[in-house]
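As structure tokens, the structure follows; a few thoughts come after it.
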Amino acid sequence: MIEGLIKRLGEEAGIALPDVRVTGDDPVLPSVFRVDTAAAASVGAVTAAVAAYWGRREGAPAARPDVSVDVRHAAAAFQSERHFRIDGKRAVLWAPLSGDYRTSDGWIKLHCNFDHHRDAALRALGLDAGAGKDDVAAACAVRTGTDVEEAVTLEGGCAAAMRTRREWLAHPQGRAVAELPLVGLSSLPAPATPAHGTASGAADAPRPLSGVRVLDLTRVIAGPVAARILAAHGAEVLRVGAAHLPEVPGLVVETAFGKRSCHVDLRTEPGVLRDLVRRADVVI
82 MIEGLIKRLG EEAGIALPDV RVTGDDPVLP SVFRVDTAAA ASVGAVTAAV AAYWGRREGA
142 PAARPDVSVD VRHAAAAFQS ERHFRIDGKR AVLWAPLSGD YRTSDGWIKL HCNFDHHRDA
202 ALRALGLDAG AGKDDVAAAC AVRTGTDVEE AVTLEGGCAA AMRTRREWLA HPQGRAVAEL
262 PLVGLSSLPA PATPAHGTAS GAADAPRPLS GVRVLDLTRV IAGPVAARIL AAHGAEVLRV
322 GAAHLPEVPG LVVETAFGKR SCHVDLRTEP GVLRDLVRRA DVVI
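First residue of the sequence shown: 82, per our numbering; consecutive thereafter.
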């Protein structure tokens, strides 16, 4: 099943992927969804794509490297922020009001890690700024999940009602996503330029993406993890943040391995970021 998913990902991306050896079995993580399968397929497809790319680079090893993925390792990687420690302590990843709340017809998840998201949720629920978790729970309990979701979203917050598979497939967003391909590709009207770096010789211990310049403009977790993966394969990744924007400190550290970081203030005159984009091979 996992090998089939990896092959399909490659086909939809238009890449001839090498075979991937999968070890281990799922389930590893407790879930009604095949999380472990998704994790192993994702990691396997990325690793295979990197191997295929490396095989086309000047100075790459003559023999394409073997590609393998362990299901347990992939599942652990999908929870890497939970295993991360700073001075032996778990990183704080969730704000006090973030979490799952029972509604009159089910459950809803509220994301309140950033102050503006917390404030939006409190406004939507008709609560004062000093309200606590019990107050939020009481306010959610008398409303439907859809009602809370829409109210929080209209206030500029982040919330998601929990739906059954049937409910999601019938939802407008669920129907829209169902019509999309597994991998979406679009061409940009920009001149193709070769990567700045080329794999040199084995004596220099090159990695598949050595010399490829990546500009990471993303935040929180999905984008930063994607950029971290490129860094792990040898890319030169520069993370660009902003000192005045909120962050989840634990996630910033956990997703920054292998990257350089800087701050840019887009409220000032343009120039620095434009130059960084111009010199990058990849922008995330």
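The C-beta atom is built at its ideal place from N, Cα and C for all residues, glycine as well. Predicted model, so just to flag it, every value in this text is computed and none were measured.
Query: Terminal residues of the continuous alpha helix (DSSP H) containing G91?; Result: 83–94
Query: Leaving out five residues before and five after I87 in sequence, what residues of the same chain have Cβ atoms less than 6 Å from its Cβ?; Result: V101, A122, G125, A126
Query: Answer yes or no: do C343 and L319 have a C-beta to C-beta separation smaller than 9 Å?; Result: yes
Query: For the putative contact between V233 and A205, defined by C-beta atoms under 8 Å, what is the C-beta separation to the nearest angstrom?; Result: 4 Å
Query: Give the DSSP-derived three-state secondary structure of I310 in the structure shown.; Result: helix
Query: Using DSSP with H/G/I as helix, E/B as strand and the rest coil, what is W188?; Result: strand
Query: DSSP beta-bridge partners for V321?; Result: C343
Query: What residue range does the beta strand (DSSP E) around C239 cover?; Result: 239–242
Query: For T128, tell me which candidate among P99, G105, L357 has the shortest Cα-Cα distance.; Result: P99
Query: Evaluate the contact criterion for the stretch 102–114 versus the stretch 130–139: three or more CB pairs, one atom per stretch, below 8 Å.; Result: no
Query: Out of A316, L296, I310, A176, which has the shortest C-alpha to C-alpha gap to L290?; Result: A316
Query: Tell me whether the stretch 182–199 and the stretch 236–247 touch, counting them as touching only if at least three CB pairs, one residue from each stretch, are closer than 8 Å.; Result: yes
Query: Is the CB-CB distance between W188 and G226 below 9 Å?; Result: yes
Query: Taking the alpha carbon of V217 as the reference point, which residue from V173, L178, P262, F159 has its own alpha carbon closest?; Result: L178
Query: Could you tell me which residues DSSP puts in a beta bridge with T104?; Result: D151
Query: So the candidates are A303, G265, R246, P330; which of them puts its Cα closest to the Cα of V113?; Result: R246
Query: In chain order, what residues of the same chain lie with their CB nearer than 6 Å to the CB of V116, ignoring the 5 residues before and after it?; Result: L110
Query: Where does V229 land, buried or exposed, given buried means 16+ other C-beta within 10 angstroms?; Result: buried
Query: Which residues does DSSP pair with V297 in a beta bridge?; Result: Before going on, a small fix: residue 297 reads as Asp here, not Val. DSSP lists R320 as partners of D297.
Query: Mind checking which residues open and close the beta strand (DSSP E) that includes G265?; Result: From DSSP, G265 is part of no beta strand (DSSP E); its letter is neither H nor E.
Query: Taking three-plus beta-carbon pairs below 8 Å as touching, is the stretch 152–168 in contact with the stretch 291–298?; Result: no
Query: Looking only at its own chain, which residues have a Cβ that is under 7 Å from the Cβ of R348, when we skip the five neighbours before and after it?; Result: none
Query: Mind checking whether the beta-carbon of A97 lies closer than 8 Å to any heavy atom of the ligand GTP?; Result: The model depicted lacks the ligand GTP and carries no ligand whatsoever.
Query: With H, G and I counted as helix, E and B as strand and the rest as coil, what does DSSP make of D209?; Result: coil
Query: What first and last residue would you give for the beta strand (DSSP E) that runs through R183?; Result: 180–183
Query: Tell me whether G352 is buried or exposed, calling it buried when 16 or more other Cβ atoms sit within 10 Å of its Cβ.; Result: exposed
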